[in-house]
Amino acid sequence: MMASIDCGDRAGQPARGEDVLFDLREFRLPDGRELLLYGHAPHVGEARDSLPPAPASGGAHLRWHPLRREWVAYAGARQGRTFLPSAASCPLCPAAEGRLGEIPFDRFEIAVFENRFPAFTASAVPPAEISGVETAPAQGRCEVVVFSDDHHAGLGTLCEDRLALLLEVWGARVRALGETYPYIFPFENRGEEIGVTLHHPHGQIYAFPFIPAQVRRAAEAQAEALVIERLLRDAGNFVIEEAEAAVALVPPFAVYPYETWIVPRRRVAGPQALDDAERQAMAGLLGRAVRRLDGLFGTPMPYILTVQCAPKGFEATFHMTIDIRPFRRDAGKLKYLAGVEQGTGVFLADVLPEDAAARLRAVPTVEAP
Ligand SMILES: [Zn+2]
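Those letters in the sequence shown? Residues -15 to 353, per the working numbering, in order.
Okay, here's the thing in structure tokens:
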């Protein structure tokens, strides 16, 4: 029997902060991990029993790759994570009589909790010395963000208000984790084709103890030139759809077929700096972007969605984007990163970005529910 403790003296109270409209209930799982329940309405209800405590996640550490000149993260405990459970035993569904889950409540809007199988943890200790390679503790935090308590939902079917709430949640976590860590990375992997192990609609947030090399390169490019402003100004036939405060487009230098970016018109460092109108515009564009990708070949599109936020020190010059990299280049054909991409880092693209934008514009999108 696992007792759960409601640790939030703010339970049921609106979260404090500028422009914050959501309600937050803070909860502590029996093994000490934090569970945050965000909603438009206060979260109420008694906790049910929780899953047994997570296995010890010791041993996670970093090793320096002297040729790539970047860190590699090792986390052996992740091999034990849940793999494609049936809907009846989904750990991200609300808990129910006779079924334990990660979220021990009957219902929720958006839930965020610390990953049971983290690549980075706040308690990571310095690893034992290994000759020939520089090592470091994998200090950081890995969170799971559950978008809905409906197992069959997705970013393409959730209503616009829920997607706006998700943007707020991303912003709240980027702001909170950014106080400790230099780079915060919200993302979603979608589709078995790219190795998703749970079908329930969810994403993740990694709080890195360092700024990844690729991220630093992009931030430095933006510090030298207003790359995204120029992209918006010259978007022309690369635009998929425009709103007053944001744009959905295929970048003219896309590396994936049908790559789609959602870009606020105003330069903001991340979702924590969006205003209401920008959040609402991006939520609408995001839902329709996913529905267009699903409609393109008439089957759910496997994709990686990343929220590109300013790393520490680049807040003044960074212009956030939400990037969706689809993995299907044609009906029944997946895009693989093969020899040239893996061996040289140079992407070979099969679809011209301007043609991709035209095809995405032509996909009928039904309105959000
Ligand atoms: Zn589920």
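Positions of the beta carbon are idealized from the N, C-alpha and C atoms, including for glycine.
Only a predicted model underlies this, so the values are computations on that prediction, with no experimental measurement involved.
Using 7 Å as the cut-off, classify the Cβ of residue i as near or not near the heavy atoms of ligand 1, replying yes or no.
i	result
LEU35	no
LEU76	yes
HIS24	no
HIS184	yes
HIS135	yes
Taking the C-alpha atoms as reference points, what is the distance between residue i and residue j?
i	j	result
LEU277	ILE87	30 Å
PRO37	ARG200	36 Å
PRO255	ILE168	11 Å
PRO348	LEU280	9 Å
THR244	ASP307	6 Å
VAL180	ALA209	36 Å
TRP154	PRO170	7 Å
ALA300	ALA257	12 Å
VAL56	ALA112	16 Å
PRO102	GLN188	11 Å
GLU226	ARG249	10 Å
ARG313	GLU338	15 Å
GLU118	LEU46	8 Å
GLY29	THR290	33 Å
GLU152	ARG263	8 Å
GLY60	TRP48	17 Å
ALA340	GLN123	40 Å
THR164	ALA333	38 Å
PRO241	PHE89	40 Å
LYS319	ARG174	14 Å
ASP218	ILE212	10 Å
ASN221	LEU336	12 Å
PHE11	SER34	12 Å
GLY(-4)	ILE94	Only weak support exists for where GLY(-4) lies, its pLDDT of 40 falling under 50; the value from the coordinates is given anyway. One C-alpha to the other measures close to 15 Å.
ALA346	ALA232	14 Å
CYS143	ALA108	39 Å
SER73	ALA79	10 Å
PRO14	VAL350	42 Å
ASP134	GLU172	17 Å
THR305	ALA202	12 Å
ALA(-13)	CYS77	Note that ALA(-13) scores 31 on pLDDT, short of 50, meaning its location in the model is unreliable; the coordinates nonetheless yield the value given after this. Rounded to whole angstroms, ALA(-13) to CYS77 spans 20 Å at the Cα level.
ALA106	PHE298	24 Å
ARG100	GLU127	9 Å
CYS(-9)	ASP260	Note that CYS(-9) scores a pLDDT of 30, beneath 50, so its modelled location is shaky and nothing firm can be said.
ALA197	LYS317	31 Å
ALA238	ARG272	19 Å
PRO50	GLY116	10 Å
GLN206	PRO110	34 Å
In terms of residue numbering, what span does the beta strand (DSSP E) encompassing residue i cover?
i	result
GLU225	223 to 226
VAL158	Looking at the DSSP string, VAL158 is not in any beta strand (DSSP E); the run it does join, the alpha helix (DSSP H), is 144 to 161.
GLY271	Unbroken run through GLY271 is the alpha helix (DSSP H), 260 to 280; no beta strand (DSSP E).
ARG309	305 to 310
CYS77	CYS77 -> no beta strand (DSSP E), and no H or E assigned at all.
GLN292	287 to 292
PRO7	Just to set this straight, residue 7 is Asp in the shown sequence, not Pro. Run containing ASP7: 7 to 12, per the beta strand (DSSP E) assignment.
LEU19	18 to 23
THR244	244 to 248
PRO121	119 to 121
LEU233	230 to 233
ALA191	186 to 192
ALA57	54 to 58
ILE94	94 to 98
ARG125	125 to 130
LEU84	LEU84 -> no beta strand (DSSP E), and no H or E assigned at all.
ARG47	45 to 49
At which residues does the alpha helix (DSSP H) containing residue i begin and terminate?
i	result
PRO198	Here the sequence assigns Gln to residue 198, which means Pro is not the residue at that position. From DSSP, the alpha helix (DSSP H) with GLN198 extends over 197 to 208.
ILE178	That residue, ILE178, is in no alpha helix (DSSP H); it is neither H nor E in DSSP.
THR328	323 to 328
PRO337	337 to 345
ARG217	211 to 217
Would you please state the rounded distance, in angstroms, between the beta carbons of residue i and residue j? I believe it to be under 8 Å.
i	j	result
PHE236	PHE194	For the record, residue 236 in the displayed sequence is Pro; it is not Phe. 31 Å between Cβ atoms; not a contact.
LEU344	VAL234	7 Å
PHE92	HIS27	6 Å
ALA294	ALA253	4 Å
PHE131	LEU150	6 Å
ARG275	GLY140	5 Å
ALA267	LEU147	4 Å
GLU177	PRO286	4 Å
TYR190	PHE104	7 Å
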